[in-house]
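The opening residue of the sequence shown carries number 180 in the working numbering; numbering runs sequentially from there.
Ideal Cβ placement from N, Cα and C applies to all residues, glycine included.
Before any comments, here is the structure.
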Amino acid sequence: MDTNTKKLRIELLVAGPPTKKCKQLIQMMTSFLEQYPDKLHLDIYYAGEAMTIIPTDGYQRDPADKNRRVPSAYINGKKIASREVPDKDDVEKILISEISKGEDNWQ
């Protein structure tokens, strides 16, 4: 993560190798990164593999914890999807809402 500027974190839990749904979710979130390059950061975790990045508090505190389903998506530590690829317009609304809260409110 860029240490000079705080960015809103998007976290994905995907299968390794990624399933069709996982690939769709990665592609969707990558398109948002291209749209908001100065505001967003994407972390991808692969199920069953050791994490090399410290997850957000919200991800770590998810009650599903060890029973997380792939694909799962979190924005600013809040789960927005589990097992299914969410609607792109719905995700964009969540992103805009979280971005508007400002970086002091980002995990």
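Asked                                                                                                             : Found
Segment contact, 8 angstroms Cβ cut-off, at least three pairs: the stretch 220 to 239 with the stretch 190 to 206 : yes
Beta-carbon proximity check, G256 vs D269, cutoff 8 angstroms                                                     : no
Range of the contiguous alpha helix (DSSP H) that encloses Y238                                                   : 236 to 239
Candidates L274, K258, T231, R248, of which the one nearest Y238 by Cα                                            : K258
Sheet register partners of D217 (DSSP bridge)                                                                     : DSSP lists no partner for D217.
Contact belief for D277 with L187 at Cβ below 8 angstroms, rounded distance in angstroms                          : According to the sequence provided, residue 277 is Glu. The question's Asp does not apply to it. Going by Cβ atoms, the distance from E277 to L187 rounds to 6 angstroms, so yes, they are a contact pair.
Option nearest K202 by Cα separation, candidates P250, K218, I275, A243                                           : P250
Nearest-angstrom Cβ-Cβ length linking K200 and V264, presumed shorter than 8 angstroms                            : 5 angstroms
Whole-angstrom C-beta distance between M230 and K267, which should lie under 8 angstroms                          : The Cβ separation is near 26 angstroms, so there is no contact.
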